[in-house]
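Residue numbers (my numbering): 13 to 417. A quick write-up on the structure given underneath.
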């Protein structure tokens with residue numbers, strides 16, 4: 013949740029309101045869609061158990077830097093959900109014995125073994141070379157092809173996750189930018205954006221630490237709900253629901269005052285869980301005088317149809333009280349410019365062939381710098397890959413904004 017909050021605040025500061033958050037870590041990838049606001053759901057599950065409480069709408073798949081590659085019983089390449097974790101970790105850490113996504117990226121030259129974690133953790137390229145050679149014999153492919161195949165399979169899983177929360181819900185990804193973070197996100201973001209058609213990629217400074225940053229910026233939130241089970245055809249429905257909402261808001265005001273907030277620091281969001289009579293699932297929508305028409309529109313966007321002749325049932329009323337943390341946005345500041353970027357050219361594999369690729373240290377890039385791919389930007393918490401068909405520019409807040417040429 014902290015990552016989504018941090019990503020949304022960074023994106024808004026950079027001038028983007030519609031974003032896909034892409035957080036790729038060591039074991040899993042978390043994605044979320046923010047359409048001018050952070051998406052909240054009351055329809056979730058953990059290990060198959062339904063959870064009916066408000067939470068940030070995040071979709072998770074077992075694909076990360078530590079995801080293990082293997083050949084299944086049918087001879088197909090499989091990546092994840094098994095993970096090497098941090099211990100023993102990928103083979104390149106010096107202890108692992110199974111090939112991972114991180115090992116594949118290192119073999120292809122996309123990670124600098126001498127500057128991992130700012131140079132404090134040298135990686136074992138020789139162990140990776142030996143392991144991938146053996147793995148390629150098992151798969152009857154060249155080591156380069158198997159390494160690229162591992163990346164392709166991992167990307168396909170993450171691409172599918174993003175499609176679930178966007179295209180399958182009626183959103184056009186051409187209207188959205190992607191915010192990439194997590195230790196491994198920058199190595200895969202451009203490939204995903206190319207396949208999905210997102211308009212831009214935002215890579216914040218210290219992107220491997222964005223989830224912690226988001227928790228620091230988080231507002232204080234309290235949720236309140238009341239079950240009503242009323243039908244939209246009742247003539248006094250709006251006034252009666254408004255009365256119930258006023259009671260919930262009164263309770264919320266008292267609680268936020270006890271938390272130390274003044275009334276002018278708190279906002280209240282009023283939503284309803286609604287459904288067509290006979291359905292067993294609800295949609296959460298904003299409570300307005302035209303809530304019925306809004307429900308039809310959102311139902312049509314999400315499921316491809318609306319039933320204007322069917323009565324709408326209001327199941328729950330929900331109030332979310334948000335206490336704004338003082339001066340939270342002042343933590344996102346324009347950083348000073350530097351002009352010390354000195355590229356270090358090395359060979360990196362793209363589409364089975366070596367390409368001369370410039371490596372940069374992110375702290376050396378000045379505001380306004382434009383870099384063409386292929387390039388790789390290294391920082392202590394992450395590595396960002398800029399493929400040959402992409403370019404990247406540093407904005408006034410030291411975000412890197414990558415776009416396809």
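C-beta: ideal position from N, C-alpha, C; glycine also.
Query - Residue of 407, 154, 153 minimising C-alpha distance to residue 28 - result: Within the chain shown, residue 28 is the residue found at index 16, counting from 1. Ranking the options by Cα distance to residue 28, first place goes to 407.
Report task. Classify residue 67 as helix, strand or coil using the three-state DSSP reduction. Result -> Taking the first residue of the chain shown as 1, we reach residue 67 at position 55. DSSP places residue 67 in strand when its eight states are reduced to three.
Query - Residue closest to residue 97, alpha-carbon to alpha-carbon, out of 110, 215, 146, 405 - result: Sequence index remark: in the chain shown, residue 97 carries index 85 (1-based). Nearest option by C-alpha distance: 110.
Requested in this report: Would you mind giving the Cβ-Cβ distance between residue 120 and residue 390, rounded to the nearest angstrom? I have them listed as a contact below 8 angstroms.
Outcome: Along the chain shown, read from residue 1 onward, the residue named residue 120 stands at position 108. Along the chain shown, read from residue 1 onward, the residue named residue 390 stands at position 378. So it is not a contact: roughly 15 angstroms between Cβ atoms.
**Report entry** Residue closest to residue 116, alpha-carbon to alpha-carbon, out of 226, 220, 166, 205
**Finding:** The sequence position of residue 116 within the chain shown is 104, counting from 1. Cα-wise, what sits closest to residue 116 is 166.
Report task. Can you tell me the Cβ-Cβ gap for residue 33 and residue 40, rounded? I've got them flagged as a contact below 8 angstroms. Result -> As a working note, residue 33 is residue 21 in the chain shown. As a working note, residue 40 is residue 28 in the chain shown. Incorrect: roughly 14 angstroms between the Cβ atoms, too far for contact.
**Report entry** Buried or exposed by the 16-neighbour rule on C-beta atoms within 10 Å, applied to residue 309
**Finding:** Here residue 309 refers to the residue found at position 297 when the chain shown is read from its first residue. Residue 309 is exposed by the Cβ-count criterion.
Query raised in the report: For residue 6, which residues from the same chain have a beta carbon less than 7 angstroms from its beta carbon, with the 5 sequence-adjacent residues on both sides left out?
Result: Because the chain here runs from 13 to 417, residue 6 falls outside it and cannot be looked at.
Query raised in the report: Leaving out the 5 sequence neighbours to the left and right, which residues in its chain are closer than 7 angstroms to residue 176 when beta-carbon positions are compared?
Result: Residue numbering aside, residue 176 sits at position 164 when the chain shown is read from its first letter. So the list reads 71, once near-sequence residues are dropped.
Query raised in the report: Could you give the distance in angstroms between the alpha-carbon of residue 47 and the alpha-carbon of residue 54?
Result: Position 35 of the chain shown, counted from the start, is the residue given in the question as residue 47. Position 42 of the chain shown, counted from the start, is the residue given in the question as residue 54. Taking the straight line from one Cα to the other gives about 17 angstroms.
**Report entry** 8 angstroms Cβ cutoff met for residue 16 and residue 50
**Finding:** Position 4 of the chain shown, counting from 1, holds the residue named residue 16. Position 38 of the chain shown, counting from 1, holds the residue named residue 50. For residue 16 and residue 50, yes; Cβs fall inside 8 angstroms.
Query raised in the report: Is the distance from the Cβ of residue 195 to the Cβ of residue 220 below 8 angstroms?
Result: In the chain shown, counting from the first residue as 1, residue 195 sits at position 183. In the chain shown, counting from the first residue as 1, residue 220 sits at position 208. Yes; because the gap between Cβ atoms is below 8 angstroms, this pair is in contact.
Query - Separation of residue 252 from residue 320, as counted between CA atoms - result: Taking the chain shown and counting its residues from 1, one reaches residue 320 at position 308. Taking the chain shown and counting its residues from 1, one reaches residue 252 at position 240. Spanning the two alpha carbons is a distance of roughly 23 angstroms.
Query - When 266, 236, 275 are compared against residue 283, the one with the closest alpha-carbon - result: One-based indexing of the chain shown puts residue 283 at position 271. When each option's Cα is compared against that of residue 283, the closest is 236.
Requested in this report: My understanding is that residue 94 touches residue 80, with C-beta atoms under 8 angstroms, so please give their C-beta distance in whole angstroms.
Outcome: Position 82 of the chain shown holds residue 94. Position 68 of the chain shown holds residue 80. Contact flag correct, Cβ pair sits at about 5 angstroms.
Query raised in the report: CA-CA distance, residue 113 and residue 150?
Result: Reading the chain shown from its first residue, position 101 is the one you call residue 113. Reading the chain shown from its first residue, position 138 is the one you call residue 150. Taking the straight line joining both Cα atoms gives about 17 angstroms.
Query raised in the report: In this structure, does DSSP put residue 98 in helix, strand or coil?
Result: In the chain shown, the residue the question calls residue 98 occupies position 86. It is coil, neither helix nor strand.
Query raised in the report: Skipping 5 residues on each side, what residues in its chain have a beta carbon closer than 8 angstroms to that of residue 198?
Result: The residue labelled residue 198 in the question sits at position 186 within the chain shown. So the list reads 192, 215, 219, 389, 394, 395, 396, 397, once near-sequence residues are dropped.
Report task. Report yes if the C-beta distance between residue 329 and residue 240 is below 8 angstroms; otherwise report no. Result -> Here residue 329 is taken as the residue at index 317 of the chain shown, counted from 1. Here residue 240 is taken as the residue at index 228 of the chain shown, counted from 1. Yes, these two residues count as a Cβ contact at 8 angstroms.
Requested in this report: Identify every residue that forms a DSSP beta bridge with residue 36.
Outcome: Taking the first residue of the chain shown as 1, we reach residue 36 at position 24. In the DSSP output, where bridge partners are listed per residue, residue 36 has 41.
Requested in this report: Select from 69, 272, 287, 356 the residue whose C-alpha is nearest the C-alpha of residue 127.
Outcome: Within the chain shown, the letter at position 115 stands for residue 127. Considering only alpha carbons, the answer is 356.
Query raised in the report: Exposed or buried, residue 288, counting other C-beta atoms within 10 Å across all chains shown (16 or more means buried)?
Result: Counting from one through the chain shown, the residue named residue 288 turns up at place 276. Under this definition residue 288 is a buried residue.
Query - Sequence-distant residues of its chain with Cβ nearer than 6 angstroms to residue 90 (five each side left out) - result: Against the chain shown, residue 90 aligns to sequence position 78. The answer, listed in chain order, is 82, 84.
Requested in this report: Measuring alpha carbon to alpha carbon, tell me which of 14, 204, 125, 187 ends up nearest residue 30.
Outcome: Here residue 30 refers to the residue found at position 18 of the chain shown. Out of 14, 204, 125, 187, 187 has the C-alpha closest to the C-alpha of residue 30.
Report task. Take residue 75 and list the residues in its own chain whose beta-carbon comes closer than 6 angstroms to its own, dropping the five residues that flank it on each side. Result -> Numbered from its first residue, the chain shown carries residue 75 at position 63. Same-chain partners within the cutoff: 41, 92, 166, 169, 170.
Query raised in the report: Which value, in whole angstroms, describes the spacing of the CA atoms of residue 410 and residue 223?
Result: Residue numbering aside, residue 410 sits at position 398 when the chain shown is read from its first letter. Residue numbering aside, residue 223 sits at position 211 when the chain shown is read from its first letter. About 17 angstroms.
**Report entry** Neighbour-count burial assignment, residue 269, 16 or more Cβ in a 10 Å radius
**Finding:** Position 257 of the chain shown, counting from 1, holds the residue named residue 269. Its Cβ having fewer than 16 others within 10 Å, residue 269 is exposed.
Report task. Given a cut-off of 8 angstroms, decide if residue 327 and residue 280 are closer than it, judged by their beta-carbon atoms. Result -> Here residue 280 refers to the residue found at position 268 when the chain shown is read from its first residue. Here residue 327 refers to the residue found at position 315 when the chain shown is read from its first residue. Result no, Cβ atoms of residue 280 and residue 327 do not sit closer than 8 angstroms.
Query raised in the report: CB-CB under 6 angstroms to residue 14, same chain, minus the five flanking residues each way: which ones, in chain order?
Result: Here residue 14 refers to the residue found at position 2 of the chain shown. The answer, listed in chain order, is 223, 226, 227.
Requested in this report: Assuming residue 387 contacts residue 370 (C-beta within less than 8 angstroms), just tell me the rounded distance between them.
Outcome: Counting from one through the chain shown, the residue named residue 387 turns up at place 375. Counting from one through the chain shown, the residue named residue 370 turns up at place 358. Rounded, the Cβ-Cβ distance is 5 angstroms, consistent with contact.
**Report entry** residue 295: first and last residue of the uninterrupted beta strand (DSSP E) it sits in
**Finding:** The count along the chain shown starts at 1 and reaches residue 295 at position 283. Taken as a continuous stretch (DSSP letters only), the beta strand (DSSP E) holding residue 295 covers 295-298.
Requested in this report: Thinking residue 263 and residue 336 are a contact (beta carbons under 8 angstroms), I'd like their distance in whole angstroms, please.
Outcome: Mapped onto the chain shown, residue 263 falls at position 251. Mapped onto the chain shown, residue 336 falls at position 324. So it is not a contact: roughly 19 angstroms between Cβ atoms.
Requested in this report: Express the C-alpha separation of residue 144 and residue 155 in angstroms, rounding to a whole number.
Outcome: Position 143 of the chain shown, counting from 1, holds the residue named residue 155. Position 132 of the chain shown, counting from 1, holds the residue named residue 144. Looking at the two C-alpha atoms, the distance is approximately 6 angstroms.
Query - Proximity below 8 angstroms, CB of residue 333 to CB of residue 307 - result: Within the chain shown, the letter at position 321 stands for residue 333. Within the chain shown, the letter at position 295 stands for residue 307. Not a contact, by the Cβ cut-off of 8 angstroms.
Report task. For residue 133, count neighbouring C-beta atoms within 10 Å of its own C-beta (all shown protein chains included) and say buried if the count is 16 or more, exposed if not. Result -> Taking the chain shown and counting its residues from 1, the one referred to as residue 133 is at position 121. Exposed, since its Cβ has fewer than 16 Cβ neighbours within 10 Å.
Requested in this report: Report all residues from its chain with a CB closer than 6 angstroms to the CB of residue 383; omit the five preceding and five following residues, and keep chain order.
Outcome: Position 371 of the chain shown, counting from 1, holds the residue named residue 383. The answer, listed in chain order, is 404.
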